[in-house]
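A.B. asks:
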Amino acid sequence: MEAPIISRSIFQNISPVDHRYSISEKEVFDSLSPWISEEASIKACVRAEISLVIAHLKMRGRLTESVRLELEKAASLASPAQVYAEEERTHHNIRALVNVLKTRVPEEAAPLVHLGATSVDILDTSLAWRMKGAALQVAVPLLARLETLLCDFAEKEAETPQVGRTHGQHAVPITLGFAMAEYVARLGKSILEIERLAGLLKGKLSGAVGAYNAASMIVKDPEELERLYLRELGLEPSEYSNQLVEPEYLLRLLLEYNIAFGIIANLADDLRNLQRSEIDEVREGFSDSQVGSSTMPQKRNPWNSEHVKSLWKAFMPRVTSFFMDQISEHQRDLTNSASQRFIADYVAGFCMAVSRMKSVIEGLSADREKLAANLRGGNIPGGIFAEPAYILLAESGVQDAHELIRRITLKAEKERLSFAAALSGEPEVLTRIGAKMLELGLINSMTEKLSFFEHPENYSGLAAKKAGSLARKYRKLMERRTYVY
Numbered sequence: 000m001e002a003p004i005i006s007r008s009i010f011q012n013i014s015p016v017d018h019r020y021s022i023s024e025k026e027v028f029d030s031l032s033p034w035i036s037e038e039a040s041i042k043a044c045v046r047a048e049i050s051l052v053i054a055h056l057k058m059r060g061r062l063t064e065s066v067r068l069e070l071e072k073a074a075s076l077a078s079p080a081q082v083y084a085e086e087e088r089t090h091h092n093i094r095a096l097v098n099v100l101k102t103r104v105p106e107e108a109a110p111l112v113h114l115g116a117t118s119v120d121i122l123d124t125s126l127a128w129r130m131k132g133a134a135l136q137v138a139v140p141l142l143a144r145l146e147t148l149l150c151d152f153a154e155k156e157a158e159t160p161q162v163g164r165t166h167g168q169h170a171v172p173i174t175l176g177f178a179m180a181e182y183v184a185r186l187g188k189s190i191l192e193i194e195r196l197a198g199l200l201k202g203k204l205s206g207a208v209g210a211y212n213a214a215s216m217i218v219k220d221p222e223e224l225e226r227l228y229l230r231e232l233g234l235e236p237s238e239y240s241n242q243l244v245e246p247e248y249l250l251r252l253l254l255e256y257n258i259a260f261g262i263i264a265n266l267a268d269d270l271r272n273l274q275r276s277e278i279d280e281v282r283e284g285f286s287d288s289q290v291g292s293s294t295m296p297q298k299r300n301p302w303n304s305e306h307v308k309s310l311w312k313a314f315m316p317r318v319t320s321f322f323m324d325q326i327s328e329h330q331r332d333l334t335n336s337a338s339q340r341f342i343a344d345y346v347a348g349f350c351m352a353v354s355r356m357k358s359v360i361e362g363l364s365a366d367r368e369k370l371a372a373n374l375r376g377g378n379i380p381g382g383i384f385a386e387p388a389y390i391l392l393a394e395s396g397v398q399d400a401h402e403l404i405r406r407i408t409l410k411a412e413k414e415r416l417s418f419a420a421a422l423s424g425e426p427e428v429l430t431r432i433g434a435k436m437l438e439l440g441l442i443n444s445m446t447e448k449l450s451f452f453e454h455p456e457n458y459s460g461l462a463a464k465k466a467g468s469l470a471r472k473y474r475k476l477m478e479r480r481t482y483v484y
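Using numbering that gives the first Met the number 0, the first residue of the sequence shown is number 0, and each one after it goes up by one.
#1: Pick from Met356, Arg317, Thr319, Tyr345: whose alpha carbon is nearest that of lysine 308?
#2: Straight-line CA distance for lysine 155 to glycine 467?
#3: Can you tell me which of the three DSSP states threonine 165 falls into?
#4: If I'm right that lysine 53 touches leucine 68 with Cβ under 8 Å, what's the distance once you round it to whole angstroms?
#5: Isoleucine 93 lies in the alpha helix (DSSP H); which residues open and close that run?
#6: From the DSSP output, read off the bridge partner residues of alanine 365.
#7: Taking serine 417 as the reference, which of Pro455, Lys464, Lys42, Leu441 has the closest Cα?
#8: Determine, using beta-carbon pairs with one atom in the stretch 235-244 and one in the stretch 266-281, whether at least three such pairs fall under 8 Å.
#9: How big is the Cα-Cα spacing for valine 244 and alanine 385?
#10: Give the straight-line distance between the Cα atoms of alanine 267 and valine 353, rounded to the nearest whole angstrom.
#11: Below 8 Å on the Cβ atoms is my guess for isoleucine 22 versus alanine 343; work out the distance and round it to an integer in Å.
#12: Residues in the same chain with beta-carbon distance under 7 Å from glutamine 507, minus the five sequence neighbours each way, listed in chain order, please.
#13: Ordered along the chain, which non-local residues of its own chain (more than five positions away) have a Cβ less than 6 Å from that of valine 318?
#14: I need the DSSP call for leucine 82, collapsed to helix, strand or coil.
#15: So alanine 419 and glycine 381 are in contact, right, with Cβ under 8 Å, and what is the actual spacing, rounded?
#16: Going by the beta-carbon positions, is the gap between alanine 400 and isoleucine 379 smaller than 8 Å?
#17: Using the Cβ count rule (16 or more neighbours within 10 Å means buried), how would you classify glutamate 503?
#18: Can you tell me the Cα-Cα spacing of methionine 97 and glutamine 325, whole angstroms?
#19: Are the CB atoms of isoleucine 360 and leucine 142 nearer to each other than 8 Å?
#20: Going by alpha carbons, who is nearest to glycine 233 out of Tyr211, Gln81, Ala197?
#21: From arginine 282 to histidine 90, what distance separates their C-alpha atoms?
#22: Helix, strand or coil for valine 428, going by three-state DSSP, please let me know.
#23: Taking 6 Å as the limit between beta carbons, can you name the residues of its chain near leucine 76, skipping five residues before and five after?
#24: Per DSSP, what kind of secondary structure is serine 468 in: helix, strand or coil?
#25: Taking just the CA atoms, how far does arginine 406 sit from arginine 164?
#26: Taking only three categories from DSSP, how would you classify isoleucine 190?
#27: Work out the CA separation of alanine 157 and lysine 413 for me, nearest whole Å.
#28: Sort Arg230, Arg144, Glu425 by Cα distance to lysine 475 and report the nearest one.
#29: For glutamate 255, report the span of its alpha helix (DSSP H) as first-last.
#30: Alpha carbon to alpha carbon, how far is glutamate 24 from glutamate 194?
#31: Could you round the C-beta distance between tyrosine 345 and phenylalanine 314 to whole angstroms and report it? I think they count as a contact, below 8 Å.
#32: Mapping the DSSP letters down to three states, classify proline 316 as helix, strand or coil.
#33: Using the Cβ count rule (16 or more neighbours within 10 Å means buried), how would you classify glycine 167?
#34: With a threshold of 16 other CB atoms inside 10 Å of the CB of glutamate 328, please say whether the residue is buried or exposed.
#35: Could you check the C-alpha separation between leucine 333 and alanine 108 for me, to the nearest Å?
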């Protein structure tokens, strides 16, 4: 029975993934469709069934190149629409697929379709094949491009002074590149782990309860049949399976996606805050025709960063259902049959957030004047030097150095002085600090002792060095990725 062709405007779709984001992130949507669309799901099951037929023929010594070509042609003729139409009759998706496929393969191969398999031998295996492909062909390359852009930005701004912030307050100086290097390091490790975990996804052909009961009636070595079947799909067998593949293989991959998603959302939040009017240290790209507000023409909202954070809020909680799908009663129940279908939505949402963050970093610019002004400002201009002043004073042998410097900062704040000006009012303290700086080679003469505290960009530790080294390290690691699948 031929299924009717369904024609539906994308604006009639229910999920925003399939209309709003399929338009704005068209390249990502198009690259994911061959792996996670409903058509991809059915075609992957067809591919698994054909792989099983090939495995049977290999075990019997009857596989030839011409037969393989005929089977591959048959796979292309079994359309998702036909499978859906047959499912209306059978009310069973895999039996419907098998019935359609039996009419397409060569007559002598028809008895081998689904022979010895249970539905989940096909469903779990095809899901692993699709998730591996989506990871290695779409998610990891997309992440690697984002990571490379982050490396470029971190290296470019490695020496650009920026005030460090803890608890929303000015701390001590860093560099803008160092701030970005945080995400270079965190995301870089997650990308490598996603790639590794995708390569560990498993399949199965162990039957209804995982004990190879049916396959034992067909071949002497059921595990060899399983290996041949999975080798056609670039997979290996699950070490143990009941009716299901051990769920932890896929769970670990999805959890690592969620970790990477959180890192990207954290970056989006940082960038959004750095674009606040009172901070204004970086800016997203903004086209000439772009509108920031329907009523305030001057607005340039950080909407792309906000969009990434919002996608994370929508998809991050889905990790709960991933954990819930870990549990199945005895050898299998059907409580994951609906929830597992939404993995595709999650992967799509994640990849679209990565793509959007990539566009943010591509257009990101730094306002070096504002960065310098913020570094020198604060409620106590130059107050970030309180830390080195305290340390140098303590190193000079003053036991209550922290308390002495704290009192100087209170004086500066009360009298609206810079830290350097307040420090100059304590000649004995300044002399002890200056002597220690001279000893350490921080200044060349005692006449320079106060000027050190007037240039906060000089106190940034290893920020520039770390930014550069991490950028170079992870750029090389991304260049070594092959993404072959």
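The C-beta atom is built at its ideal place from N, Cα and C for all residues, glycine as well.
C.D. replies: A quick look at the data gives this:
#1: Nearest C-alpha to lysine 308 among Met356, Arg317, Thr319, Tyr345: Met356.
#2: 9 Å
#3: DSSP, reduced to helix, strand and coil, places threonine 165 within a strand of the structure shown.
#4: A small correction: the amino acid at residue 53 is isoleucine; lysine does not occupy that position in the sequence shown. Not quite, the Cβ-Cβ distance comes to about 11 Å (not below 8 Å), so this is no contact.
#5: 92-101
#6: Val281
#7: Pro455
#8: no
#9: 59 Å
#10: Linking alanine 267 to valine 353 through their CA atoms gives a straight-line distance of about 11 Å.
#11: Cβ-Cβ separation between isoleucine 22 and alanine 343: approximately 18 Å, too far for a contact (criterion under 8 Å).
#12: No statement about residue 507 is possible, as the shown extent of the chain runs from 0 to 484 and does not include it.
#13: Here the set comprises Asn257.
#14: The identity of residue 82 in the sequence shown is valine, whereas the question assumes leucine. Helix, per DSSP.
#15: 5 Å
#16: no
#17: Residue 503 cannot be examined here, being either before or after the span of the chain that is shown, 0 to 484.
#18: The residue asked about is misnamed: residue 97 is valine in this sequence, not methionine. Distance between valine 97 and glutamine 325, taken at the CA atoms: about 28 Å.
#19: no
#20: Ala197
#21: 54 Å
#22: helix
#23: Arg103
#24: If DSSP states are grouped into helix, strand and coil, serine 468 belongs with the helices.
#25: 22 Å
#26: helix
#27: 35 Å
#28: Arg144
#29: 247-273
#30: Rounded to whole angstroms, the gap between the alpha carbons of glutamate 24 and glutamate 194 is 23 Å.
#31: Your pair tyrosine 345 and phenylalanine 314 checks out as a contact, with CB atoms roughly 5 Å apart and the cut at 8 Å.
#32: helix
#33: exposed
#34: exposed
#35: 31 Å
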